[in-house]
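Following this note's numbering, the numbering of the sequence shown begins with 11 at its first residue and continues without gaps.
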Amino acid sequence: MTGSRKLSWIGRPAFGLAAAACLALGSAGIAGADSPGPTLPNLVTFKNLATSKCLDGNSVTIYTHDCNGGLNQNWLISARPGATALRNMRTTLCLDSNAIGTVYPYPCNGGANQQWTWVWNGTSGTLQNVATGRFLDSNGIGTVYTMGGNGGSYQKWL
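Shown next, in the form of structure tokens:
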């Protein structure tokens, strides 16, 4: 069963690789205020289902790269009612997107283009931008962008 849920803040720091490993192994689910269950750690690594590469970034661009546990691949979940931002632990910049599908790092400002909804299907999930309605997507060469939902594995993240 597919459901749309906001990423949940667990209220205390999760520690790096342990949290990322739990997410990558599928033992951490997503829980919203309307459903019981495990919550997503507030420090996570997103691994693309199709490429097995991790969401990564620097101060200029967002991309996927071989998973290495580095701070560039750790994302702090900042959730509050109606807003879920993903802040890169190395750069402290947020995952941002626009209507033409560009994904980029930008100073965190709470804007709708920095808000994402996690949709979990039981084995993987998608990240949908609140402002544009487009889904976080990637390809085999590491480019990250958003597109309309297509159900493909390049839009699915672990």
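In this text, a Cβ means the ideal position worked out from N, Cα and C, and glycines have one as well.
Span separating the alpha-carbon of residue i from that of residue j
i: residue 100; j: residue 64; result: 14 Å
i: residue 105; j: residue 159; result: 18 Å
i: residue 137; j: residue 52; result: 15 Å
i: residue 154; j: residue 129; result: 18 Å
i: residue 55; j: residue 72; result: 14 Å
i: residue 144; j: residue 167; result: 15 Å
i: residue 197; j: residue 115; result: The structure shown has nothing for residue 197, since the chain only spans 11 to 168.
i: residue 79; j: residue 66; result: 10 Å
i: residue 161; j: residue 59; result: 12 Å
i: residue 121; j: residue 97; result: 13 Å
i: residue 133; j: residue 77; result: 19 Å
i: residue 165; j: residue 111; result: 13 Å
Which listed residue (the options) has its alpha carbon closest to that of residue i
i: residue 86; options: 130, 59, 126, 141; result: 126
i: residue 131; options: 144, 163, 111; result: 163
i: residue 109; options: 123, 66, 161, 61; result: 123
i: residue 57; options: 156, 147, 161, 157; result: 147
i: residue 81; options: 156, 61, 103; result: 103
DSSP bridge partner residues for residue i (one or two, in chain order)
i: residue 72; result: 67
i: residue 138; result: 127, 145
i: residue 87; result: 96
i: residue 53; result: 86
i: residue 58; result: 167
Pair within 8 Å by beta-carbon distance, residue i and residue j
i: residue 95; j: residue 118; result: yes
i: residue 152; j: residue 75; result: yes
i: residue 107; j: residue 139; result: yes
i: residue 113; j: residue 156; result: yes
Range of the contiguous beta strand (DSSP E) that encloses residue i
i: residue 148; result: 145-148
i: residue 156; result: 154-157
i: residue 104; result: 104-107
i: residue 117; result: Counting along the chain, residue 117 falls outside any beta strand (DSSP E), and DSSP gives it neither H nor E.
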